[in-house]
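The structure appears below as structure tokens.
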């Protein structure tokens with residue numbers, strides 16, 4: 205039989221220890237913030253009935269859904285986000301105390317074309333408030349996300365805010381049929397990338413991009429385009445000013461919710477540096493009905509939006525006759541992980557490797573490792589391999605990122621001692637040593653032989669001094 | 205359009221906040237122990253190429269696999285355990301430092317017939333050591349699992365140990381063809397449930413079960429059955445004694461690994477109460493090659509095995525020409541969750557609910573909530589709903605399990621004060637109050653009006669005294 209090739213499915217990946225540790229650290233920091241804000245965890249299954257995930261026209265929409273059959277031969281699918289399953293859950297457990305504030309962190313799956321940094325399985329960390337149309341809820345989810353991103357120390361970011369109601373009013377103001385709105389929003393979304401002139405070309409007759417490909421235009425008339433240009437030419441800068449100009453331009457009530465949101469955000473100390481109005485933000489998902497949000501990193505725009513959300517007042521209604529307003533925000537944990545890579549320390553989880561010098565004494569090494577672990581003070585790895593040489597075992601200790609090696613040969617066992625070697629100091633100093641004498645001297649400094657019952661305090665001291 | 209029914213797929217379920225919190229607590233305690241033992245996290249994808257999950261004959265084996273198509277129209281499937289993906293990972297990243305000690309906690313999927321308490325998506329928490337045939341590795345994974353189960357306080361449990369090598373030697377000793385082994389093990393597995401006489405019937409001509417259904421027998425001859433009976437009649441009790449009887453019965457080297465394992469376990473203080481030899485343990489999965497383990501709860505045998513594992517030296521070889529010995533142990537988190545339900549506290553994540561009395565002052569309530577959160581000392585839920593009555597908001601606070609309510613109306617705002625209400629004390633004492641006067645008196649004890657800048661110390665005091 206030919207060997208089976210060991211490979212991950214296209215668009216999927218493994219996270220090795222350093223990344224897995226970073227991811228776990230990101231998640232636990234976000235989780236702590238969301239709990240401080242009073243959100244409670246729920247878990248929904250990976251699979252849902254397909255009809256639950258399709259849009260209101262029973263179509264796949266923009267999401268590429270992984271479909272399969274249940275054992276009962278029903279159409280089921282892997283969830284593509286955590287918001288639709290939440291809407292299903294709220295309809296199913298209708299007597300939940302409301303407002304229901306939940307967080308969930310879990311994988312979602314999309315059968316998109318994979319790109320570097322774009323995977324078909326990724327982790328979302330969502331917060332939502334279901335059962336209130338109060339704008340306090342918007343302020344709270346934005347505030348929770350801002351605090352979470354600060355807590356993981358991701359660098360400067362900005363929360364861009366817009367509103368579907370405003371965008372619909374713009375479409376109306378520009379005399380464009382409602383159905384064409386989605387196409388217009390998709391073009392506006394490119395403004396920061398391609399500039400106003402190209403946006404205008406895509407709204408009218410189309411244009412050639414840098415590669416020479418023709419991008420067909422939407423064929424809007426010049427009056428419509430000029431009105432969209434009015435909208436895009438609103439002053440940048442202070443949130444309050446932009447929103448007030450917006451309200452006078454559109455002459456309707458669509459900006460009211462942004463005015464109120466601005467007031468709450470201002471109370472929370474969120475300046476226009478942190479939360480800014482952006483006329484181009486629309487969000488891809490069809491279910492949004494009110495304010496929409498998107499977070500980008502100021503110095504790392506190449507990562508795209510690292511979080512997004514908005515108000516979706518109609519989603520629960522698909523399952524029940526009652527209107528259940530809701531608002532949520534989702535952080536893309538994998539994008540954060542890529543963006544943060546260099547910043548977040550992925551410290552070893554191993555403090556001490558207990559090496560095995562004398563294979564007849566395996567029970568003694570077990571006892572030593574067990575004793576260190578029982579102290580509850582360190583992470584202890586007993587060398588479980590079959591290499592007999594100390595050098596190779598120290599290489600192993602190095603590869604797992606251990607800080608200290610504990611060494612005991614027959615000599616030490618006879619005397620009732622152990623040798624404790626400071627691996628970090630050893631590494632730092634070995635660079636400065638050129639001769640054998642220097643090496644011997646340094647060796648004495650980076651390792652110390654102590655009575656077995658002194659092992660724990662000795663290790664503690666080394667970890668503290670060099671830590 | 206008809207409404208879509210809000211329901212989970214058959215065999216799948218939601219975890220609501222209390223259970224989700226318990227599960228998260230179980231996972232974080234196990235994780236802490238595994239890190240103390242020097243295991244490092246990895247994450248593998250939910251989907252693998254189907255051929256990777258099939259057994260060496262390209263068959264599905266006993267696992268019911270959820271299959272689907274990748275966007276490239278290849279056969280892929282949801283993982284049914286975390287061990288096969290680990291073997292794939294080790295073959296794919298062959299230069300990993302070895303022994304490679306990893307942990308992973310994640311969902312797995314099986315298209316089994318769902319039962320009460322048996323779901324098609326469940327969470328496994330695995331530890332494995334890959335790249336060593338040392339029996340220290342067996343001792344370490346058992347020791348890590350024992351410590352993890354102690355840490356979550358699951359009650360009395362026993363780790364049952366056997367060995368595939370011993371079982372194969374028993375088959376050989378009984379003169380049974382190797383191919384029939386799996387069927388024999390499946391019958392032995394029922395010993396504790398159906399007793400020796402029924403086991404013997406199933407090994408020979410078959411039997412009628414209590415419902416009157418006929419269970420066909422394996423048709424073994426009486427000499428084979430009598431030799432299996434010899435094996436099953438080994439003395440119970442002290443691990444050392446059983447294993448030594450076993451070695452003399454089988455007269456071969458198959459028990460050597462159990463002798464060595466016993467020695468290590470004894471050093472670690474694991475008596476036969478905690479780790480015992482059980483002749484019937486075989487484990488369902490085909491890939492085991494050496495010692496096998498299974499954990500059952502002493503007082504809750506109805507939960508079946510809550511953890512299982514063993515040595516699987518051939519699994520990585522399916523992907524590569526090199527033999528990579530390995531051993532692992534998997535905890536079934538959902539079974540633990542069911543078993544532990546009543547024991548593990550699922551304390552509220554909410555300390556304080558800030559109620560909203562005067563809707564014109566929403567920014568002030570936001571400021572108060574924000575101020576409490578900034579202290580970093582409590583979990584604070586600002587009431588985001590639209591109910592105006594205090595009674596209804598306090599009911600909400602009750603339902604989310606909050607300990608304290610903060611109340612401020614126009615009165616308090618004018619005086620610069622807030623009222624802090626101790627909800628737990630209130631609940632306890634309201635049972636003892638029968639008249640209005642008593643109620644008024646108690647009210648004064650369970651709530652206190654303090655200057656706004658005294659809110660934090662007041663809340664801290666209440667949380668400490670009452671909690």
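Chains as they are written, first to last, in the working numbering: chain A, 205 to 671; chain B, 205 to 671.
Beta carbons: idealized from backbone N, C-alpha and C, even for Gly.
Query	Result
Can a CB atom of chain E be found closer than 9 Å to the CB of residue 352 (chain A)?	No chain E appears in this structure, whose protein chains are A and B.
Are the C-beta of residue 295 (chain A) and some C-beta of chain B separated by less than 9 Å?	yes
With hydrogens ignored, establish whether the beta-carbon of residue 385 (chain A) is closer than 8 Å to any heavy atom of the ligand ZN.	As for the ligand ZN, it is missing from this structure, which has no ligand bound.
Under 9 Å, do residue 294 (chain B) and residue 334 (chain B) count as touching if we go by C-beta distance?	yes
Any chance you could list the alpha helix (DSSP H) runs of at least 4 consecutive residues sitting entirely within the region 528 to 574 of chain B, in chain order?	537 to 544
Verify whether the separation of the beta carbon atoms of residue 486 (chain A) and residue 369 (chain A) is less than 9 Å.	no
If you follow the alpha helix (DSSP H) that residue 358 (chain B) is part of, which residue opens it and which one closes it?	First-last for residue 358 (chain B): undefined, no H or E at that position.
When Cβ atoms are compared, which residues of the region 586 to 615 of chain A fall closer than 7 Å to chain B?	586, 588, 589, 590, 600, 603 and 604
So residue 228 (chain B) contacts chain A; which residues on that side make the cut at Cβ distance below 7 Å?	245
Can you tell me where the alpha helix (DSSP H) with residue 246 (chain A) in it begins and where it stops?	Where residue 246 (chain A) is concerned, there is no enclosing alpha helix (DSSP H), given that its DSSP letter is neither H nor E.
Can you check which of these residues, B:574, B:384, B:467 and B:589, is closest to residue 583 (chain B) by C-alpha distance?	B:574
Use the C-beta contact count for residue 382 (chain B): other C-beta atoms within 10 angstroms, 16 or more gives buried, fewer gives exposed.	exposed
State the start and end residues of the unbroken alpha helix (DSSP H) segment that holds residue 369 (chain A).	368 to 377
Which residues of the region 407 to 421 of chain B have a Cβ closer than 8 Å to any Cβ of chain A? Give them in chain order.	none
In three-state DSSP terms, what is residue 340 (chain A)?	helix
Where residue 205 (chain B) and residue 528 (chain A) are concerned, what is the direct C-alpha to C-alpha distance, given to the nearest angstrom?	Unreliable positioning characterises residue 205 (chain B) in this predicted model, as indicated by a pLDDT of 48, which lies under 50. The coordinate reading is nonetheless provided below. Each residue's alpha carbon lies about 18 Å from the other.
Indicate the three-state DSSP secondary structure (helix, strand or coil) for residue 235 (chain A) in the structure shown.	helix
Does residue 421 (chain B) come out as helix, strand or coil in the three-state DSSP assignment?	coil
Mind checking if residue 486 (chain A) is an interface residue toward chain B, Cβ cutoff 9 Å exclusive?	no
For the alpha helix (DSSP H) that residue 608 (chain A) lies in, which residues bound it at each end?	Run containing residue 608 (chain A): none in the alpha helix (DSSP H); it sits in the beta strand (DSSP E), 608 to 611.
Tell me the DSSP secondary structure of residue 214 (chain A) in three-state form.	coil
Can you tell me whether DSSP reads residue 590 (chain B) as helix, strand or coil?	coil
For residue 604 (chain A), which residues from the same chain have a beta carbon less than 8 Å from its beta carbon, with the 5 sequence-adjacent residues on both sides left out?	552, 554, 557 and 585
Distance, Cα to Cα, residue 428 (chain A) vs residue 449 (chain A)?	19 Å
Do you know how far the Cα of residue 538 (chain B) is from the Cα of residue 348 (chain B)?	19 Å
What does a CB cutoff of less than 7 Å around residue 654 (chain A) pick up in its chain, not counting 5 residues either side in sequence?	621, 622, 624 and 662
Near residue 355 (chain A), what residues of its chain come up, given a Cβ to Cβ distance below 6 Å and the 5 sequence neighbours on each side ignored?	233 and 237
Who are the neighbours of residue 213 (chain A) on chain B, taking C-beta pairs under 8 Å?	249, 251, 252, 253, 274, 278 and 280
What residues are listed by DSSP as bridge partners for residue 255 (chain B)?	None; residue 255 (chain B) has no bridge partner.
Can you round the beta-carbon distance between residue 306 (chain B) and residue 290 (chain B) to whole angstroms, since I take them to be within the 8 Å contact cut?	7 Å
Taking all protein chains shown into account, do 16 or more other C-beta atoms lie within 10 angstroms of the C-beta of residue 595 (chain B), making it buried, or fewer, making it exposed?	exposed
Label residue 669 (chain B) either buried or exposed according to how many other C-beta atoms from any shown protein chain fall within 10 Å of its C-beta, with 16 as the threshold for buried.	exposed
Between residue 685 (chain A) and chain B, is any beta-carbon pair separated by less than 9 Å?	Summary: the structure shown does not reach residue 685 (chain A), with chain A confined to residues 205 through 671, and so no result is reported for it.
If you run the structure through DSSP and keep just helix, strand and coil, what is residue 486 (chain A)?	coil
Can you find at least 3 beta carbon pairs, one from the region 369 to 380 of chain A and one from the region 451 to 459 of chain A, that sit closer than 8 Å?	yes
At the level of alpha carbons, what is the spacing between residue 453 (chain A) and residue 560 (chain B)?	34 Å
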